[in-house]
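Chemist: Below: one structure in C-alpha cells.
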C-alpha cells in the first residue's frame with residue numbers, strides 16, 4: 001500500500017491504490033512551490049522508498065502517475081536525478097508552476113560592533129556577539145557572525161561567497177526551542193551552506209554563530225528564506241551571492 | 001587590594017593613558033548571590049519544558065557524549081549547549097563549559113599553516129572575558145544546579161568534583177592573566193591542567 005508523509009504535519013498516511021492512469025506524462029516541468037513549516041517537502045524515493053527532502057523551488061519533471069502516486073524526476077539541486085513520488089493529492093498541493101528566478105540573489109552583510117554580553121532571551125544567556133547587518137532586497141536584519149570564541153571559529157573574512165542550495169533539513173533540536181520566544185518562526189531547519197572552506201558555515205537562524213551568518217531577527221527569517229530560495233544560479237547549485245563588507249571588531 | 005579595586009585601579013591607569021590593556025574592564029566573576037539567582041531562574045524555567053523539549057535535550061546529550069568521546073569537542077560543545085537550551089540540566093551546563101575549553105585547547109595545539117606548532121593561538125586580550133563568561137554561565141550554574149535540583153541527567157559525584165576543581169583552577173587562571181598585557185600568550189598547558197582528564201569516558 002502506498003504511503004507518504006503529509007509535509008505540513010509530518011503525518012504518515014496510507015492511501016489505497018486507485019486506478020490512476022500510468023505511463024509517461026506530458027506535463028511541463030514543475031517546481032516545489034509549497035513546503036512544510038520546517039522548510040522542506042519530503043517525497044518518497046521510488047528506489048529506496050525512503051523519504052527524500054526537497055527545498056522549495058527544486059525543479060522536477062513529472063513522468064507519470066502510478067497507483068495514485070505522481071512520479072517525478074528531480075532536475076536540479078543536491079537530489080538531481082532522483083526519481084521520487086508524492087500522492088496525487090499532495091503533488092497537486094506541493095508542486096506548481098512558479099519557477100525560481102534564474103539569477104542569484106544579492107545578499108550583503110556589513111560588519112558592525114562586537115557586543116559583549118548580548119542577552120538571548122530564548123536561551124536565557126548572555127553571549128559575546130560580533131554583530132553585522134544583513135541586507136537582501138528590502139529586508140534588513142541583524143545577524144551575528146560569531147559567538148563561539150577561543151577555539152577554531154572566527155567571523156567570515158570580508159569577501160564574496162556563493163550561498164548554496166540547502167541540502168537537507170538540519171537537526172530540529174538545534175533551533176526548535178527558539179519558537180518559545182518567537183512563536184511565528186518557520187523554516188528553521190533550512191540552513192543555506194556558504195561556499196568557504198569545508199562549506200560548514202551557513203546562513204541560518206539562531207542566536208549562536210560558529211562563524212556563520214546567523215539571523216537573530218527570527219521573525220524576518222520567513223522573508224529572508226523566500227528571498228534566497230526563490231533564486232538559482234545558472235548551474236542550479238547556488239541561490240545567492242554573498243558580499244561580506246567592513247571589518248569585524250573582534251576577529252578571533 | 002581586592003579584585004574589584006585592582007580593576008578600578010587598572011581602569012584609572014588606562015584612562016590616564018598609562019596602560020596598554022585593551023580590556024582592563026574584563027567581566028567579573030559572578031557573585032554567589034548572582035549564581036544562585038540565575039540558577040533559580042533556570043530551575044524554574046525547566047518546570048515549563050515539555051516532554052518534547054526533554055527528549056530533544058536527551059538526544060543532544062547522547063550526541064554530545066559520542067562526539068566528546070571521539071574527541072570532536074566543537075561538536076560536543078554545540079550539542080551540550082543546545083541541550084541546555086532545550087531543557088536545562090547541571091550536566092548540560094558543566095559539559096558545555098568543559099567541551100568549549102577542550103575545543104579551544106585542541107585549536108591552540110593545532111599546527112600552524114606552515115606546519116610548526118602555533119605559539120600564540122590564545123592571547124590574554126579576550127581570554128579572561130571568555131573564561132569568566134563560561135564560569136558564570138556554565139560551570140558555576142551547572143554546579144549550583146547539581147546542588148539544588150534533580151534535573152536529569154544529573155552529574156555523578158566524581159564528575160561534579162572534577163568540574164568543581166576545573167572551575168576553581170580556571171578562576172585562578174583568569175585572575176593570573178587579568179593584569180597581563182593583551183598580547184600575552186596564554187599557556188595551553190595551564191588550560192590542560194585545569195581541564196584534567198576527559199569527564200566522559
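Residue numbers (this note's numbering), protein chains in the order written: chain A, 1 to 252; chain B, 1 to 201. No residue lacks a Cβ here, since even glycine has one placed at the ideal position from N, Cα and C.
#1: What does a CB cutoff of less than 7 Å around residue 103(B) pick up in its chain, not counting 5 residues either side in sequence?
#2: For residue 186(A), which residues in chain B fall below 7 Å Cβ to Cβ?
#3: If you count every other CB in all the chains shown that lies within 10 Å of the CB of residue 1(A), and 16 or more means buried, which is it?
#4: Looking only at its chain, what residues have a beta carbon closer than 8 Å to the beta carbon of residue 81(A), apart from the 5 residues adjacent to it on each side?
#5: Between the stretch 153-162 of chain A and the stretch 35-49 of chain A, do at least 3 Cβ pairs fall closer than 8 Å?
#6: Classify residue 233(A): buried if its beta carbon has 16 or more other beta carbons within 10 angstroms, exposed otherwise.
#7: Taking a contact to mean a Cβ-Cβ separation below 8 Å, would you say residue 165(A) touches residue 238(A) in this structure?
#8: With a threshold of 16 other CB atoms inside 10 Å of the CB of residue 178(B), please say whether the residue is buried or exposed.
#9: Quick check on the DSSP output: the alpha helix (DSSP H) that includes residue 177(A) runs from which residue to which?
#10: How is residue 21(B) classed by DSSP in three states: helix, strand or coil?
#11: So who's on the other strand from residue 130(A), going by DSSP bridges?
#12: Is the separation between the beta-carbon of residue 200(B) and that of residue 93(B) shorter than 8 Å?
#13: Note down, in chain order, every chain A residue with its Cβ under 8 Å from the Cβ of residue 81(B).
#14: In terms of residues, what are the limits of the alpha helix (DSSP H) holding residue 164(B)?
#15: Can you list, in chain order, the residues of the stretch 137-156 of chain B whose Cβ is nearer than 7 Å to any Cβ on chain A?
#16: Using the beta-carbon count (16 or more within 10 Å), is residue 225(A) buried or exposed?
#17: Since residue 155(B) and residue 91(B) should fall inside the 8 Å C-beta cutoff, what is the C-beta to C-beta distance between them, to a whole number of angstroms?
#18: Is any beta-carbon of chain A found at less than 8 Å from that of residue 66(B)?
Modeler: On the basis of the coordinates in this document:
#1: Here residue 103(B) refers to the residue found at position 103 when the second chain is read from its first residue. Correct list, in chain order: 73, 74, 77.
#2: In the first chain, counting from the first residue as 1, residue 186(A) sits at position 186. Ordered by position in chain B, no residue passes the 7 Å Cβ test against residue 186(A), which lies about 17 Å from the chain.
#3: The residue given as residue 1(A) occupies position 1 in the first chain. Reliability of the predicted coordinates at residue 1(A) is poor, the pLDDT of 35 falling under 50, and no value is obtained from them.
#4: Residue 81(A) sits at position 81 when you count from the first residue of the first chain. Only 73, 74 meet the Cβ criterion.
#5: no
#6: Translated into positions along the first chain, residue 233(A) becomes position 233. Per the 10 Å Cβ criterion, buried.
#7: Counting from one through the first chain, the residue named residue 165(A) turns up at place 165. Counting from one through the first chain, the residue named residue 238(A) turns up at place 238. Going by C-beta atoms, residue 165(A) is nearer than 8 Å to residue 238(A).
#8: By 1-based counting over the second chain, the position of residue 178(B) is 178. Per the 10 Å Cβ criterion, buried.
#9: Numbered from its first residue, the first chain carries residue 177(A) at position 177. Per DSSP, residue 177(A) belongs to no alpha helix (DSSP H) and is neither H nor E.
#10: Within the second chain, residue 21(B) is the residue found at index 21, counting from 1. Because residue 21(B) carries a pLDDT of 46, less than 50, the predicted location of this residue cannot be relied on, and the following value inherits that uncertainty. Looking at residue 21(B) - three-state DSSP - the assignment turns out to be coil, as it is neither helix nor strand.
#11: Numbered from 1 along the first chain, position 130 holds the residue referred to as residue 130(A). 114(A), per the DSSP bridge assignment.
#12: Taking the first residue of the second chain as position 1, residue 200(B) is located at position 200. Taking the first residue of the second chain as position 1, residue 93(B) is located at position 93. Contact: no.
#13: Translated into positions along the second chain, residue 81(B) becomes position 81. Here the neighbours are 208.
#14: Translated into the one-based positions of the second chain, residue 164(B) becomes position 164. Note, residue 164(B): alpha helix (DSSP H), 157-177.
#15: 137
#16: Taking the first chain and counting its residues from 1, the one referred to as residue 225(A) is at position 225. Buried.
#17: Stepping through the second chain from its first residue, residue 155(B) is reached at position 155. Stepping through the second chain from its first residue, residue 91(B) is reached at position 91. About 5 Å separates the two Cβ atoms, so the contact holds.
#18: Working through the second chain from its first residue, we reach residue 66(B) at position 66. No, residue 66(B) does not count as interfacial toward chain A.
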